[in-house]
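**Q**
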Amino acid sequence: AMFGATVLVPALTGLSVSSTLLFAGLGTLLFHLLTKGKVPAFLGSSFAFLGGYFAIAPNGEKELLPYACLGVACAGVLYLVLAALIKAFGQKKVMRFFPPIVTGPIIIAIGLTLSSSAIDNCKQSWIVALIAIFVVVICNIYGKGMIKIVPIILGVIASYISAVLVGLVDFTPVADAPWIGLPFRAQDTVFSIFSNPDKSMIITAIVTIMPIALATMVEHIGDISAISSTTNRNFIEDPGLHRTLLGDGLATILASLFGAPANTTYGENTGVLSLTKVYDPRVIRIAAYFAVAVSFSPKFAALISSIPAATIGGVSIVLYGMISAVGVRNVVENQTDFSKSRNIIIAALILGLSIGVNYSGAISFPVGSVTISLSGLAVGALVGIILNAVLPMEEKEYKGLDKKVDNVEK
146 AMFGATVLVP
156 ALTGLSVSST
166 LLFAGLGTLL
176 FHLLTKGKVP
186 AFLGSSFAFL
196 GGYFAIAPNG
206 EKELLPYACL
216 GVACAGVLYL
226 VLAALIKAFG
236 QKKVMRFFPP
246 IVTGPIIIAI
256 GLTLSSSAID
266 NCKQSWIVAL
276 IAIFVVVICN
286 IYGKGMIKIV
296 PIILGVIASY
306 ISAVLVGLVD
316 FTPVADAPWI
326 GLPFRAQDTV
336 FSIFSNPDKS
346 MIITAIVTIM
356 PIALATMVEH
366 IGDISAISST
376 TNRNFIEDPG
386 LHRTLLGDGL
396 ATILASLFGA
406 PANTTYGENT
416 GVLSLTKVYD
426 PRVIRIAAYF
436 AVAVSFSPKF
446 AALISSIPAA
456 TIGGVSIVLY
466 GMISAVGVRN
476 VVENQTDFSK
486 SRNIIIAALI
496 LGLSIGVNYS
506 GAISFPVGSV
516 TISLSGLAVG
526 ALVGIILNAV
536 LPMEEKEYKG
546 LDKKVDNVEK
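The opening position of the sequence shown corresponds to residue 146 in this note's numbering, with each subsequent residue numbered one higher.
So, in structure tokens, the structure goes:
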């Protein structure tokens, strides 16, 4: 279930499929090591960072992707900082700075700002794209058991077959690719940029992508809470949220440095656990070993890379919409009170700035000898965090936030 989404991210961004699988597997094993092998979670590619990759390398430019990966690696450092703060002060005090009124609109904006790229991909063949959308929707609504958990994979397969029938797929690269090979190339890693670094691009990538971690860290907490609920074990307390964040953050840093997408604990993981009732973390580690093994097959990577733009576009329309829907759910489930002017202003500015700046172009300004560019998501996230910190909140709202954090801990 996690496999389909994991390989879709490199297909969307231009990152290496092989390195993605390698570091999804290694990241999962590292996560299990740091969480004492207690949490049955698989770490795969994060969709939340897609906006960051597109802001730095909009067309998957190979020379720009390492800069985007550097920004994601720095975002991973924020996980380590949050893990340390939670360990030192407790999550109740720390999470006051990341309430749903901030993280919810950020997640909504992530999905909305990505939607135009999905439409552009669909233009290759709307028939092929619509087949992908149709299958994903039908499987999601009417599917039973495993079918309901893997609608993305089924949508890709159905759309891919239709693309083959209409001649959109070229199998020549698949035939030419060797069966065995190294998962990544040195020129695709972050280390390659330091031979002739572009200082402006480095700063822009870091400032643009790091704020996205504010949303993904909260998403991580939600995933761990969901896994805890499904398995009837409190992983927030044991091994502790600081350990799960540490594992996720280090896995993301490791993957990004070697040119792979950011890692994240998958929501699909919870669905598989609920369906199979198999909660043994050793089973997840077997899946991680399999991902590592498959990463050494360039032929498999070439097959994934042969997926046409129309198929990717069709699936992406659903995926990007689902990202925004998760943001809406985050706000609704936490009962954010929009009768308060404070909350309306914060949400309005996050959405308005994130989407508006995204479509008008990044905000650029010189700092010394370098030029820094801020994407819409970076501007919206920073403004939201600042407003949440400075705008007055009623005491009962503070108590409400504390109660929500207590519910997560339970």
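Glycine included, every Cβ here is placed at the ideal spot set by N, Cα and C.
(1) Consult DSSP for residue 538 and reduce its assignment to one of helix, strand or coil.
(2) For residue 192, which beta-bridge partners are listed by DSSP?
(3) Tell me whether the beta-carbon of residue 457 lies closer than 8 Å to the beta-carbon of residue 266.
(4) Round the Cβ separation of residue 205 and residue 158 to the nearest angstrom and send it over; I've been treating them as touching at under 8 Å.
(5) Are the CB atoms of residue 178 and residue 396 within a distance shorter than 8 Å?
(6) To the nearest whole angstrom, what separates the beta carbons of residue 251 and residue 529, a pair I think is in contact under 8 Å?
(7) CB residue 100 to CB residue 389, shorter than 8 Å?
(8) For residue 334, which three-state DSSP category applies?
(9) Should residue 289 be flagged as near chain C, meaning a C-beta pair shorter than 8 Å?
(10) Here's the rule: buried if 16 or more other CB atoms are within 10 angstroms of the residue's CB, otherwise exposed. What is residue 544?
(11) For residue 326 versus residue 441, is the C-beta distance shorter than 8 Å?
(12) What does the Cβ neighbour count give for residue 317, buried or exposed, with the cut at 16 atoms within 10 Å?
(13) Is it buried or exposed for residue 533, if we count other Cβ within 10 angstroms and need 16 for buried?
(14) For the beta strand (DSSP E) containing residue 410, name the first residue and the last one.
(15) For the segment 264 to 283 against the segment 450 to 468, do three or more pairs of beta-carbon atoms, one drawn from each stretch, fall closer than 8 Å, so that the two count as touching?
(16) The alpha helix (DSSP H) spanning residue 86 covers which residue range?
(17) For residue 343, name the three-state secondary structure that DSSP assigns.
(18) Leaving out the 5 sequence neighbours to the left and right, which residues in its chain are closer than 6 Å to residue 176 when beta-carbon positions are compared?
(19) Cβ atoms of residue 155 and residue 334: under 8 Å apart, would you say?
(20) Helix, strand or coil for residue 233? Go by DSSP, reduced to three states.
(21) Check each candidate in 164, 288 and 273 and name the one with the smallest Cα separation from residue 332.
(22) Under a Cβ-count criterion, where at least 16 other Cβ atoms within 10 Å of its own Cβ denotes burial, should residue 201 be classed as buried or exposed?
(23) What are the boundary residues of the alpha helix (DSSP H) that residue 427 is part of?
**A** Answer, in terms of the structure:
(1) When DSSP states are grouped into helix, strand and coil, residue 538 belongs to the coil group.
(2) Note: residue 192 is not bridge-paired with any residue in the DSSP secondary-structure output.
(3) For residue 457 and residue 266, yes; Cβs fall inside 8 Å.
(4) Separation of the CB atoms of residue 205 and residue 158 is rounded to 6 Å, and the pair is thereby assigned contact status at 8 Å.
(5) No.
(6) Rounded, the Cβ-Cβ distance is 7 Å, consistent with contact.
(7) Because the chain in this structure spans residues 146 to 555, residue 100 falls outside the shown range and cannot be described.
(8) In the structure shown, residue 334 sits in coil (DSSP, three-state: anything other than H, G, I, E or B).
(9) Of the protein chains in the structure, only one exists, and it is not chain C.
(10) With a pLDDT of 49 at residue 544, under the threshold of 50, the predicted position of this residue should be treated as unreliable, though the coordinate-derived value follows. Result: exposed.
(11) Closer than 8 Å, so yes.
(12) Exposed, since its Cβ has fewer than 16 Cβ neighbours within 10 Å.
(13) By the 10 Å Cβ count, residue 533 comes out buried.
(14) Note, residue 410: beta strand (DSSP E), 408 to 410.
(15) As far as the Cβ criterion goes, the segment 264 to 283 touches the segment 450 to 468, which means the pair count is three or higher.
(16) The structure shown does not extend to residue 86, since the chain is modelled only from 146 to 555, so the question has no answer here.
(17) DSSP places residue 343 in the coil class of the three-state scheme, outside both helix and strand.
(18) Around residue 176: 188, 392 and 396.
(19) For the pair residue 334 and residue 155, the CB atoms are not nearer than the 8 Å cut-off.
(20) Reduced to three states, the DSSP call for residue 233 is helix.
(21) Ranked by Cα distance from residue 332, the options 164, 288 and 273 are led by 164.
(22) The residue is buried, with at least 16 neighbouring Cβ atoms inside 10 Å.
(23) 426 to 439 is the span of the alpha helix (DSSP H), which, as asked, contains residue 427.
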